Amino acid sequence: MTTTSKPKSGFFIGVGCPGCGGDLDLDGDFFVTECEHCGSPLRVLMPDTPPAFMAQSKVGGYEIRNHIDRYLKKNDLPLTNATLHVKRLYYPYWKVDATILKLRNKTEVKKIYSESDSSVESVIETDRSVVSVSPYSITIAGGTSMNGIPDSIGMRSETIRLVPFAEENIEPDFDALPVLRSWKAINQRVMLAVASMSMINPADFGQNVTRLFNASFSLIYFPYLVVECYGNDYRRFVIDGLVGRVLKAIWPRREESKAAVSTKGEMASKVGGGDVNLGRVSISFDNDPTPVRLHDNYVDNALARGVVEDLTEAEIPEDESGPVPEVSFGQLDVDFHRCRVCGSDLPVEMSYVYICPNCHELQMLGKNTAQLPEIQVAVAENERDLRYVPFWTLRLPDIMAQRYGNLLGGLDKQEQMFVPALGGANFEAIYRLAKRMSAAQGRMEIETVGSLDDRYQPVRIGVSEAFALAEIIVCRELLDRGHKLPKGDMGLKPEEIGLVYVPFRLENYFYVDAVLDAVSVEKKLLD
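Numbers in the numbering used here are just positions in the sequence shown, counted from 1, shifted up by 82.
This is the structure we're talking about:
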C-alpha cells in the first residue's frame, strides 16, 4: 500500500481511499478531498454519534529498555535488570471542541501625576467590559483513574496522527481499556469547568460570564506501555507509547524498605512512600496496594493477571465502581464525492452546498435535515472582478424578531439574520460583517442563481454551525449593551433558512460590497 508523507501539523486522521485503497491524511478541517494516488474526489462521512480514533504506538520492544535506562541514568538511579514484563494498552480520552464566549468586567486604575509637582497624583478608575470569542479544545480521561496515566493529553491531540478505532487497527498484544464515562457525562463536567472560569478572576463589578457553544465530541485511544521490572527490587514504569518518554516511575513499599539514597546530599523518602525530588525530576514513591510478596511468586502471579485488574483493582473511585456502562461511538467513513442525482463528480472543494455541473441539481451536505430550495444572489450593476461571499439567512419567528431583531443594526427591526458562511477564527470580523449585512438586507435586490463558478466562495460552515454562530452573535450584542444573558437555551430557532451570495470587489486592503458600496471586510478573511 502506498503511504503519504507525514503531515507537518494539525489533527490528522489516516483512512483508506475506497477507489484504490491508498492511504489518506485528512486534517482537522477534513470534509472533501482528492486521493493523491488515483485522483478520485472523496467525501468524509461523519457519524451521528461521536467518532472514535486511535494513535498507534511507535515504540518498538527493543527500545523500551533503552528509554527506561536513559531515564534512570539521567536521575542517578539503578538501571534495569534482565527481567522486564511489558503491558501494552490503549487508554481512552474524550476530545471536546467548541467555541467559548467570555465577558470579563475589570476596573482599570491609572495614576496621573501633576506636571508642576510630581508628588501630587490623582487616580482615575475606569470600568471596562471585554467580550471575547475563541476556539475551545480539551481532552479528558474517559477511562478509570490509573496510577501514572495522565488525565489529559493536552495540546498533543491537535498534532498526532490518528486512524479510525477498529479491531484491525489494534496492534498485537495491546488491550483497549473500557470507556467508563459517556460523552454526556463529560459534557456536564466540561460545562462545570467552563462555568468555574468566571470565578478564577472575580469581576471588579457586575458578573463575569463564560458560556460554551456548539460542542462536538470524539474519542481518542492513546497508547501507553506499563513496564514491570523484577529482581532485588520491584519497580513499575509508565511510558508514553508514541515518543517513549517515561511518565512515572513507581517503587511499591516493601517490609525491608529503609530511608534510601539521595543525590547531591538530599535524603530520599521515608518508609511508607512520599514524593522525592531527585535533583532534576520529582518521582513519586507510592505505597503498593498489595501485601508484601516473595519476588519469584509475584512474577508468576503478575504474568497471570490482566491489565485492568493489575493496575486498577485498588484505584477505582467509588463513583466508577460497578458494571461498565454501555458507551457507543461512531466511526467515520469515506465515499466518492458525487452527485446524488446523476452520479457525476462534484467539485473538489470544501463546501456544504454544491450545484452539480452536469444536472444542475442543488446538493446540500451535512447532518442537518433542513432543506434549501434554491440559492440566491444579490444583484450588482457591474459584475466584473467580483467575489461572491455566501451568507446563511435565518428567518426568526415573530417573538424572536421582536426580542432580538433590533440588535442586528439598522433603523428597523430585522426579521432575519445574515450569518457569514465563511470559516476562520477571526470572530470579530465575522461579527461585524454579520451585523452590517443584516442591517443592509432590505436594500438588496435578490434573484436565483442556477450555477456556481470560481467567483463563488465555498460554504465553509453548515446550518448547525450557523445556528450556533447566530446565538453567539446575539449573546455578544446583549453583553455589549449591558444586558444579562438568559439562562439555558435562548430559543433562537429560525423557522426558515436560505443562502444568499453577496458580491464584493477588492479595493486595496479591503473588499467592499458591490451592491451598496458601504460594507467592507478585511482582505485576509476572504483570501
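We put the CB at the ideal spot given by N, CA and C, even for glycine. On a predicted model such as this, the values are computed, not experimentally measured, just so you know.
May I ask you to list the residues that DSSP assigns as paired with residue i?
i                 : result
glycine 98        : Asp105
phenylalanine 304 : Tyr173
threonine 208     : Glu190
tryptophan 474    : Val501 and Leu581
methionine 136    : Val245 and Tyr303
phenylalanine 287 : Paired residues: none, contrary to the question.
isoleucine 220    : Val178
tyrosine 312      : Thr165
phenylalanine 295 : Thr181
isoleucine 457    : Val531
serine 214        : Lys184
arginine 469      : Phe586
glycine 412       : Pro133
glutamate 431     : DSSP lists no partner for glutamate 431.
serine 602        : Val594
glutamate 203     : Tyr195
Please report the residue range of the alpha helix (DSSP H) in which residue i lies.
i              : result
methionine 273 : 265-282
lysine 569     : Segment: none, lysine 569 is in no alpha helix (DSSP H) and carries neither H nor E.
lysine 605     : 605-608
glycine 143    : 143-156
Span of the beta strand (DSSP E) holding residue i?
i             : result
histidine 167 : 165-195
aspartate 525 : What sits at residue 525 in the sequence shown is arginine, not aspartate. Where arginine 525 is concerned, there is no enclosing beta strand (DSSP E), given that its DSSP letter is neither H nor E.
leucine 124   : 123-127
arginine 318  : 317-322
valine 435    : 435-437
leucine 444   : 444-446
aspartate 417 : 415-418
aspartate 257 : 256-258
leucine 329   : 328-332
valine 114    : 114-116
Taking the alpha carbon of residue i as the point to measure from, which residue in the options has its own alpha carbon closest?
i                 : options                           : result
leucine 171       : Val501, Val320 and Leu515         : Val320
proline 260       : Asn157, Tyr593, Tyr175 and Met446 : Tyr175
tyrosine 316      : Asn440, Leu414, Arg238 and His167 : His167
valine 291        : Pro585, Pro576, Val582 and Ile554 : Ile554
methionine 281    : Lys184, Ala297, Thr241 and Pro439 : Lys184
alanine 277       : Phe295, Asp286 and Leu262         : Phe295
isoleucine 543    : Asn440, Pro160, Phe299 and Ile512 : Ile512
valine 567        : Cys424, Glu604, Ile231 and Gly288 : According to the sequence as given, residue 567 is leucine; it is not valine. The residue with the shortest Cα to Cα distance from leucine 567 is Gly288.
serine 216        : Thr181, Ile231 and Leu444         : Thr181
glycine 505       : Asp255, Leu608, Gly96 and Asp179  : Leu608
asparagine 464    : Ala596, Pro254, Ser298 and Leu534 : Ala596
valine 141        : Ile332, Lys169 and Glu118         : Lys169
cysteine 102      : Phe113, Cys117 and Asp179         : Cys117
glutamate 559     : Ser214, Asn590 and Phe586         : Ser214
alanine 507       : His119, Val328, Thr115 and Tyr218 : Tyr218
serine 122        : Val245, Ile332 and Pro429         : Pro429
phenylalanine 509 : Ala550, Gly412 and Ile457         : Ala550
tryptophan 265    : Gly323, Lys517 and Val178         : Val178
proline 232       : Gln458, Pro254, Asp322 and Asn163 : Asp322
glutamate 497     : Ile579, Gln453 and Asp536         : Ile579
valine 621        : Leu454, Met499 and Leu574         : This structure gives no information on residue 621, because the portion of the chain shown stretches from 83 to 609.
lysine 606        : Leu581, Asn590 and Asp209         : Asn590
valine 461        : Trp333, Glu203 and Gln523         : Gln523
leucine 324       : Glu604, His119, Ala516 and Tyr173 : Tyr173
leucine 127       : Ile332, Phe418 and Gly224         : Phe418
asparagine 163    : Leu534, Glu310, Val541 and Met519 : Glu310
serine 258        : Ile332, Asp536 and Gln138         : Note that residue 258 corresponds to alanine in the displayed sequence, not to serine. The candidate whose alpha carbon is nearest that of alanine 258 is Gln138.
glycine 564       : Arg422, His119 and Asp209         : Asp209
lysine 569        : Arg293, Ala248 and Pro100         : Arg293
isoleucine 235    : Ile302, Ala297 and Thr226         : Ile302
valine 471        : Cys99, Arg587, Glu145 and Gly98   : Arg587
Could you check how far apart the C-beta atoms of residue i and residue j are, in whole angstroms? I think they sit under 8 Å.
i                 : j              : result
serine 410        : threonine 221  : Not really, about 20 Å apart at Cβ, beyond 8 Å.
lysine 188        : isoleucine 206 : The Cβ separation is near 14 Å, so there is no contact.
tyrosine 593      : arginine 466   : That belief does not hold up - the Cβ atoms of tyrosine 593 and arginine 466 are roughly 15 Å apart, past 8 Å.
alanine 552       : valine 501     : 5 Å
phenylalanine 473 : alanine 503    : 6 Å
phenylalanine 135 : proline 284    : With 8 Å as the limit, phenylalanine 135 and proline 284 do not qualify as a contact, their Cβ atoms being about 39 Å apart.
glutamate 547     : arginine 477   : About 18 Å; that fails the 8 Å criterion.
leucine 244       : glycine 96     : 7 Å
valine 574        : valine 601     : According to the sequence displayed, residue 574 carries leucine and not valine. Leucine 574 to valine 601, Cβ: 23 Å. No contact.
glycine 224       : arginine 263   : 5 Å
valine 328        : glycine 448    : Wrong, their Cβ atoms sit about 44 Å apart, outside the cutoff.
Inside the stretch 527-599 only - alpha helix (DSSP H) runs reaching at least 4 residues: The qualifying runs are 545-562.
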